[in-house]
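Oh and the sequence shown: position 99 is 99 in full-length UniProt numbering, straight run, nothing missing. What follows is a single structure, written as structure tokens, with notes after it.
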Amino acid sequence: MSTFQYTRSGSEIESAGPQTPLDRCDILAFLGVAQSRGIDLLPIHWEPTLDCLGQSRTAEIREASFSRQTSFAFKRGKFGNAYDLMELETRLLPSLAAEVAVLGHPSIWDYPSIARLEGICWEVYPPDDQVLSREETINSGKGGIMPILVFEKAKHGDLYQFMTHGPGQELGLNDRLWLCTEVASAIAIMHINKIIHGDIKPQNILVFDKGLVEHPAKAKSLGIGTGYADSTDVLEIPKSEPWYGPDDIIDGDANPQNSSLVDHKSPRYTAKATDFGYSTQYTGVTDLINMPRSDPWYAPEWHHRGFTPAQATKMDSYSFGMVVLWLLSCSTEDDSVRRFQSDLNLASNDALSLAYRILEHVQPAQRLKLQLFFEKTLTNNVPDRCSDFLHLRDILGSQLYIVNQFHCEGG
1 MSTFQYTRSG
11 SEIESAGPQT
21 PLDRCDILAF
31 LGVAQSRGID
41 LLPIHWEPTL
51 DCLGQSRTAE
61 IREASFSRQT
71 SFAFKRGKFG
81 NAYDLMELET
91 RLLPSLAAEV
101 AVLGHPSIWD
111 YPSIARLEGI
121 CWEVYPPDDQ
131 VLSREETINS
141 GKGGIMPILV
151 FEKAKHGDLY
161 QFMTHGPGQE
171 LGLNDRLWLC
181 TEVASAIAIM
191 HINKIIHGDI
201 KPQNILVFDK
211 GLVEHPAKAK
221 SLGIGTGYAD
231 STDVLEIPKS
241 EPWYGPDDII
251 DGDANPQNSS
261 LVDHKSPRYT
271 AKATDFGYST
281 QYTGVTDLIN
291 MPRSDPWYAP
301 EWHHRGFTPA
311 QATKMDSYSF
321 GMVVLWLLSC
331 STEDDSVRRF
341 QSDLNLASND
351 ALSLAYRILE
361 HVQPAQRLKL
371 QLFFEKTLTN
381 NVPDRCSDFL
391 HLRDILGSQL
401 YIVNQFHCEG
411 G
């Protein structure tokens, strides 16, 4: 199984690849994909001395700052040994081209909950006995070039690092659910555009500070907005299910300070889906998609043969449910995933049973909705599994405004 590696906040993570060989892709074919998607070739140079954010066996991400306001992360393929043209064209470039094709999609490129591809730069591999010079041609039989994908840098790294070594340790239920709704939005827009992510897991979700400029959920439909002078004014508040506060609306009137049951603390962080090297864009309902297998996030029906888009979509749903379950039960221990896997083993690998146990520590007001969410994602009965990520997002989002001190013991 081929993998790409990332360097995020000093962690080593793997991006699982499909179990069947990928088609061959050379530099010209890669450039054709980039051109068709309108991806810029950036006049910047990758340096091996850049700070390492994370790595695994076949790829890594490094950081470079170009100004006080701008910091990029570079994703580069990693050869098994030295530069090898066959390995480049059969293993690394096909994955990079697939990622460019997905991230450059018109509906994907600037989507708030998906990590944005800023452009492409290059790494040059000269032959061992040749010094780079503008006057000399590189012997491509011994050296060559590698495209580097340039991304916006996530200040807090991936979700796993954020929750186990970063500020995520202090997050309550509301903030955790907010991150989940953003990931659901990202997968929903992918599925709408016939793209299967295939490898949803904490390491493939990046966490950013949620600033005013980069608010992921942009406000729309403000025609009914109301200005007020002070906290004693009485406002007319529309009732939009399920988003209104449970005790906010009384005969259509509400105080600007609203009910004590509503959490007005704005989420501090935003999540963005990333790593689309093994995502698949399909054209027909009979297409077969080879799904990667990342333990313990993959669906129980996984096998090495292909899946139809409908089946693959429901496998994405299961993986997303597993990520949400992990996030709600996440401890601050370094071996958080191993502990999660151990809990799964104790539950006879029945994730839904584990979810029921974890939800025992959640207030009843949230328990029923979250139980419904997990029943729609973690069921082993595939026909009963929900593939509508907008619906899944709305189930989670319906709990965002209810104050809850979440505490999970032994989860």
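Using N, Cα and C, we set each Cβ at its ideal position, and we do this for glycine too.
If you draw a straight line from the Cα of I108 to the Cα of L85, it comes to about 31 Å.
Judged by DSSP in its simplified three-state form, G119 adopts strand.
Taking the C-beta atoms as reference points, L173 is found nearer than 8 Å to Q366. By the beta-carbon neighbour count (other beta carbons within 10 angstroms, threshold 16), L88 is buried.
Beta bridge pairing from DSSP links Y125 with G144.
Selection V33, C180, A312, P267 evaluated against D199 yields A312 as nearest (Cα-Cα). For the set V382, M315, Q35, L117, the Cα lying nearest the Cα of G277 is the one of L117. For E182, no pairing in a beta bridge is given by DSSP. According to the DSSP assignment, L103 belongs to the alpha helix (DSSP H) that extends over 93-103.
Y356 sits in a helix when the DSSP states are folded into three classes. Within a 10 Å sphere around the beta-carbon of S329 sit 16 or more other beta-carbons, which makes this residue buried. Looking from the CA of P292, the closest CA among S113, A347, A97, H197 belongs to H197. For I44, the enclosing beta strand (DSSP E) starts and ends at 41-45. Per DSSP, T164 lies in no beta strand (DSSP E) segment; the continuous alpha helix (DSSP H) that holds it begins and ends at 159-165. Looking at A82, P106, G104, R76, the one whose alpha-carbon comes closest to that of L92 is R76. L206 is bridged by DSSP to D158, K272. In this structure, P309 is the residue among K153, P309, R385, S336 with its C-alpha nearest to the C-alpha of G284. For T377, the uninterrupted alpha helix (DSSP H) run begins and ends at 364-377, by DSSP.
In this structure, T377 lies near F320, with their beta-carbon atoms less than 8 Å apart. The alpha-carbon separation between L390 and E333 amounts to approximately 32 Å. Under DSSP, Q399 forms no beta bridge with any residue. I108 carries a coil assignment under DSSP once its states are collapsed to helix, strand and coil. Closest in C-alpha terms to I187, from the list A271, D343, H361, comes A271. In the three-state reduction of the DSSP assignment, I200 falls in the coil class, being assigned neither a helical nor a strand state.
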